[in-house]
Amino acid sequence: MDQLEKNELLLTHVVLMFQTAALQQMGKLKNPITDKIERNLEQAQISIDILDILHKKMKGNLTDNEERMFVEVLKDIRLNYVDEVSKAQNEKTQ
Numbered sequence: 010m011d012q013l014e015k016n017e018l019l020l021t022h023v024v025l026m027f028q029t030a031a032l033q034q035m036g037k038l039k040n041p042i043t044d045k046i047e048r049n050l051e052q053a054q055i056s057i058d059i060l061d062i063l064h065k066k067m068k069g070n071l072t073d074n075e076e077r078m079f080v081e082v083l084k085d086i087r088l089n090y091v092d093e094v095s096k097a098q099n100e101k102t103q
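Per our numbering, the sequence shown starts with residue 10, numbered consecutively.
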């Protein structure tokens, strides 16, 4: 594995860590420590914001694969976030 491949793999791991964290914080995945579904939308928004700023700061230095990964992951977690915010608002009004 050359350095470029290693760097791409490491970046993929970082992005997937924040994606997983955001999904756990939205209650889409079980928290492996507590073994419970928990929702903390404020923390989820922070995880999304971190990925977004990483993407913006790295713009122009990403491979095509890395750029696609960032775009797809951000799109996925943003859509999930909107879904969870909507659910939370509906729960409050009931």
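The beta-carbon is built from N, C-alpha and C at its ideal position, and this holds for glycine as well.
Span separating the alpha-carbon of residue i from that of residue j
i: LYS15; j: ASN49; result: 33 Å
i: MET26; j: THR72; result: 19 Å
i: LYS59; j: GLN103; result: Rather than Lys, the amino acid found at residue 59 in this sequence is Ile. Answer to the nearest angstrom: the Cα atoms are 33 Å apart.
Sheet register partners of residue i (DSSP bridge)
i: LYS101; result: None, per the DSSP bridge assignment.
i: ASN40; result: LYS45
Span of the alpha helix (DSSP H) around residue i
i: LYS108; result: Summary: the structure shown does not reach residue 108, with the chain confined to residues 10 through 103, and so no result is reported for it.
i: MET71; result: Looking at the sequence shown, residue 71 is not Met but Leu. Where LEU71 is concerned, there is no enclosing alpha helix (DSSP H), given that its DSSP letter is neither H nor E.
i: MET26; result: 12 to 34
Cβ-based neighbour list, residue i, same chain, cut-off 6 Å, excluding 5 preceding and 5 following
i: HIS64; result: PHE79
i: LYS39; result: ILE46
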